[in-house]
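Participant: So the first sequence is numbered by our numbering: it starts at 19 and just counts up by one.
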Amino acid sequence: MDTVRVRFAPSPTGNLHIGGARTALFNWFYAKSKQGKFILRIEDTDQARSKKEYFDEITFSLNWLGFHWDELYYQSRRFDIYRDYARKLLDEGRAYLSRKVPDAGLEQAVQDQPVEQGEAIVFKVLPQKVAFRDLIRGEISFDTEVIKDQVLIKSDGTPAYNFACVVDDALMGITHVIRGDDHISNTPKQILLYRALGFSLPSFAHLPLILSKEGGRLSKRKGATAISEYREMGYLPEALVNYLLLLGWSPGGDREIIGTEESIRLFDIAHVNKTAAVLDLDKLDWMNNQYLKTKDPSLLMEEVLPLLEKAGYIDTNNFDRNYVLSLIQLFQARLTTLPDFVERADFFFRDDFPLDREAREKFLSKDLSAEFSLFIERLKKLEPFDIAAVESAFRDLVQELAIQSKVLIHPVRVALTGKTVGPGLFEVIYYLGRERTIARLEWWIKGG
RNA sequence: GUCCCCAUCGUCUAGUCUGGUCAGGACAAGAGCUUUUCAAGCUCUCGGCACCGGUUCAAAUCCGGUUGGGGACGCCA
């Protein structure tokens with residue numbers, strides 16, 4: 019059995035977005051599940067629209083997702099190859115030369131002529147039936163009546179998509195062409211070219227497209243967000259991969275959270291869905307939280323550090339590692355995305371943290387300076403100053419004052435954090451430290 | 001318009017190939033437990049086989065049609 023070889027062939031005319039990432043994902047999973055090779059082919063035949071920055075974004079994102087490629091090719095460096103094969107078809111009389119005619123479209127030119135500047139090489143499509151067995155959809159057949167003659171080499175000398183694609187897939191030994199649904203109608207055109215060139219056919223698998231919430235395919239205006247943006251929004255690659263994989267495939271057994279290794283073991287292209295899926299960001303959020311809360315805190319910290327530095331909260335060359343690690347653990351289960359930490363833990367890094375207006379009105383509108391003062395007194399005497407001690411000091415106080423814990427807990431939290439939500443109050447006090455806690459409470463006693 | 005593909009809760013899906021388990025799970029939504037708020041966790045609720053016909057003792061599952069959705073019809077990729 020030959021080694022499985024699959025390819026992901028993006029065009030560097032835009033970023034890698036969700037749809038492309040999922041195509042790459044299924045190719046990569048298929049390759050891994052078959053111990054095959056994953057090839058990256060840059061389809062940069064459109065010199066005007068291809069941009070280095072897009073290439074950079076695409077390759078960066080693929081690596082970030084963990085889809086490392088075994089081989090890399092650029093179509094722009096293979097123009098001679100395409101021309102040679104087109105020339106061969108021309109010599110065999112299976113293609114003809116044509117000049118671009120403004121209104122009439124293609125016009126057959128006289129044969130046995132050398133290819134001149136400004137002439138395209140066009141493949142003659144003969145009437146016949148073309149059928150293939152799609153790995154996901156089964157038998158699909160077309161009648162070539164609906165297929166026009168195909169441009170092989172454009173009049174500017176660059177190859178047309180379907181032709182370059184076929185020549186490359188054949189020459190690169192691609193065994194399985196796994197791509198989006200939108201290529202189904204390209205498949206018969208390509209099969210005709212495989213036959214004409216005497217190449218053997220690869221297997222085809224067409225993945226269902228991802229639809230936007232409003233219906234219709236993903237587009238810039240309809241949620242075709244670049245993968246790099248998801249990274250910036252604070253999603254973990256493992257969560258994104260898990261989510262995307264389950265959008266069209268299921269490991270069975272009611273599994274939702276499933277790691278890459280296990281997915282590779284269970285993956286089977288034949289069980290990929292035939293139906294288009296709608297992107298559900300709510301579920302991605304849930305999944306990201308699932309990964310965030312179980313991720314190794316020190317690894318999580320590495321992801322958060324750059325964000326803290328950017329916010330000006332720490333100097334990554336000089337900061338208390340254990341302290342930040344503790345804070346991460348305090349918030350870990352409460353995060354949806356990475357930046358949530360920076361926003362919600364701000365009061366640990368700055369004294370001028372924002373104060374929620376409603377929180378202030380709800381919990382600090384009435385004068386609690388007497389209670390705050392009493393609590394400060396207890397905190398000053400606390401030895402040792404740890405979570406349990408802080409809690410018992412607080413509990414003793416509210417008991418003596420004959421009030422419910424929550425009557426004082428909420429105001430204190432708002433005074434210390436500016437928020438009504440967050441980790442347990444006693445942890446907050448402990449990690450804030452005696453000094454800062456007292457200082458913030460005193461500030462309120464003095465009138466806020 | 002022509003051709004191609006698809007059809008299970010609002011969303012992602014299991015089940016369809018190899019008809020026969022109250023159509024199962026997850027997200028979202030709602031309720032509750034826990035509690036110090038939020039998150040997490042746990043429990044429960046809501047909600048679906050697009051429609052019509054056929055085959056069969058039996059259809060989400062097989063067949064046909066209808067409707068609906070999507071895609072493709074470039075010297076873009």
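Backbone N, C-alpha and C fix where the C-beta goes; we use that ideal spot for every residue, glycine too.
Go ahead and label Gly123 buried or exposed: buried means 16 or more other beta carbons lie within 10 angstroms of its beta carbon, across all protein chains shown.
Facilitator: Only weak support exists for where Gly123 lies, its pLDDT of 44 falling under 50; the value from the coordinates is given anyway. So Gly123 counts as exposed.
Participant: What is the DSSP secondary structure of Ser159, reduced to helix, strand or coil?
Facilitator: Three-state DSSP puts Ser159 in a strand.
Participant: Does the distance from the C-beta atom of Lys55 to that of Asp88 stay below 8 angstroms?
Facilitator: It is a contact, given that the beta carbons lie within the stated cut-off.
Participant: Is the segment 271 to 284 in contact with the segment 229 to 249, if contact means three or more CB pairs nearer than 8 angstroms?
Facilitator: Cβ pair count under 8 angstroms is below three, so no.
Participant: For Val24 versus Ile196, is the C-beta distance shorter than 8 angstroms?
Facilitator: Against a cut-off of 8 angstroms, the Cβ pair of Ile196 and Val24 comes out as a contact.
Participant: So Met305 packs on Ala257, CB below 8 angstroms; how close in whole Å?
Facilitator: Right, the Cβ-Cβ distance comes to about 5 angstroms (below 8 angstroms), so this counts as a contact.
Participant: Between the C-alpha atoms of Lys207 and Phe349, what's the straight-line distance to the nearest angstrom?
Facilitator: Distance between the alpha carbons of Lys207 and Phe349: 55 angstroms.
Participant: Taking DSSP's pairing of strands, which residues face Leu115 in a bridge?
Facilitator: According to DSSP, which records beta bridges pairwise, Leu115 is partnered with Ile139.
Participant: With DSSP as the reference, please indicate the residues paired to Ala182 in a beta bridge.
Facilitator: According to DSSP, which records beta bridges pairwise, Ala182 is partnered with nothing at all.
Participant: Can you look up Ser203 in the DSSP assignment and give me helix, strand or coil?
Facilitator: If DSSP states are grouped into helix, strand and coil, Ser203 belongs with coil.
Participant: Counting pairs of beta carbons, one from the segment 56 to 64 and one from the segment 29 to 48, are three or more of them closer than 8 angstroms?
Facilitator: Judged by Cβ distances under 8 angstroms, the segment 56 to 64 makes contact with the segment 29 to 48, as three or more pairs qualify.
Participant: The alpha helix (DSSP H) spanning Ser391 covers which residue range?
Facilitator: Start and end: 387 to 399.
Participant: Return yes when the Cβ of Lys70 is within less than 8 angstroms of the Cβ of Tyr114, no when it is not.
Facilitator: No, they are not a contact pair.
Participant: Cβ atoms of Pro177 and Tyr92: under 8 angstroms apart, would you say?
Facilitator: Cβ atoms of Tyr92 and Pro177: not closer than 8 angstroms.
Participant: Assign Gln301 to one of two classes, buried (16 or more other C-beta atoms within 10 Å of its C-beta) or exposed (fewer than that).
Facilitator: The sequence shown places Lys at residue 301, not Gln. With fewer than 16 other Cβ atoms within 10 Å, it is exposed.
Participant: Is it buried or exposed, Tyr341, if we count other Cβ atoms within 10 angstroms and call 16 or more buried?
Facilitator: That one is exposed.
Participant: Is Arg368 helix, strand or coil by DSSP?
Facilitator: Arg368 falls in the coil class under three-state DSSP.
Participant: In whole angstroms, give me the CA-to-CA distance for Ala182 and Glu110.
Facilitator: Between Ala182 and Glu110, the C-alpha separation is close to 19 angstroms.
Participant: By the 10 Å Cβ neighbour count, where 16 or more other Cβ atoms means buried, how is Leu317 classified, buried or exposed?
Facilitator: Its Cβ having fewer than 16 others within 10 Å, Leu317 is exposed.
Participant: Going straight from the alpha carbon of Thr354 to that of Arg362, what length do you get?
Facilitator: Roughly 11 angstroms separates the two Cα atoms.
Participant: Between the alpha carbons of Ala211 and Asp174, how many angstroms are there, rounded?
Facilitator: The sequence given here has Leu at residue 211, not Ala. Their backbone Cα atoms lie some 21 angstroms apart in a straight line.
Participant: Looking at the structure shown, is Glu110 part of a helix, part of a strand, or coil, going by DSSP?
Facilitator: Looking at Glu110 - three-state DSSP - the assignment turns out to be coil, as it is neither helix nor strand.
Participant: Using a Cβ-Cβ cut-off of 7 angstroms (strictly less than) and excluding sequence neighbours within five positions of Gly136, which residues of its own chain qualify?
Facilitator: Excluding residues within five positions, the ones whose Cβ falls inside 7 angstroms are Arg117, Ser173.
Participant: Taking the C-alpha atoms as reference points, what is the distance between Ser391 and Ala433?
Facilitator: The straight-line gap from Cα to Cα measures roughly 13 angstroms.
Participant: If we call anything under 8 angstroms between Cβ atoms a contact, is His224 one with His194?
Facilitator: Cβ atoms of His224 and His194: not closer than 8 angstroms.
Participant: Phe371: which of Leu83, Ala295, Tyr331 sits nearest, CA to CA?
Facilitator: That would be Tyr331, whose Cα lies nearest to the Cα of Phe371.
Participant: Express the C-alpha separation of Leu262 and Gly440 in angstroms, rounding to a whole number.
Facilitator: Approximately 31 angstroms, taken between the alpha carbons.
Participant: I'd like the span of the alpha helix (DSSP H) that includes Gln422, first residue to last.
Facilitator: Careful: Gln422 lies outside any alpha helix (DSSP H) and carries neither H nor E.
Participant: Could you work out which residue in Gln308, Asp364, Thr312 is closest to Glu327 when comparing CA atoms only?
Facilitator: Here the closest residue by C-alpha is Asp364.
Participant: Thinking Ala214 and Ile171 are a contact (beta carbons under 8 angstroms), I'd like their distance in whole angstroms, please.
Facilitator: With a Cβ gap of about 14 angstroms, Ala214 and Ile171 do not count as contacting.
Participant: Look at the alpha carbon of Tyr449 and the alpha carbon of Gln417, and state the distance between them as a whole number of angstroms.
Facilitator: Roughly 24 angstroms separates the two Cα atoms.
Participant: May I have the straight-line CA-CA distance separating Pro226 from Thr293, to the nearest angstrom?
Facilitator: Those two C-alpha atoms are separated by around 6 angstroms.
Participant: In the DSSP assignment, find the alpha helix (DSSP H) that holds Glu256 and state where it starts and stops.
Facilitator: 255 to 264 is the span of the alpha helix (DSSP H), which, as asked, contains Glu256.
Participant: If we ignore side chains and look at the alpha-carbon of each, how far apart do Leu108 and Val140 end up?
Facilitator: So the two alpha carbons sit approximately 8 angstroms from each other.
Participant: Contact check, Phe285 vs Tyr48 under 8 angstroms by CB: the rounded distance?
Facilitator: Going by Cβ atoms, the distance from Phe285 to Tyr48 rounds to 7 angstroms, so yes, they are a contact pair.
Participant: Grab the span of the alpha helix (DSSP H) containing Gln347 for me, first residue to last.
Facilitator: Counting along the chain, the alpha helix (DSSP H) containing Gln347 begins and ends at 339 to 349.
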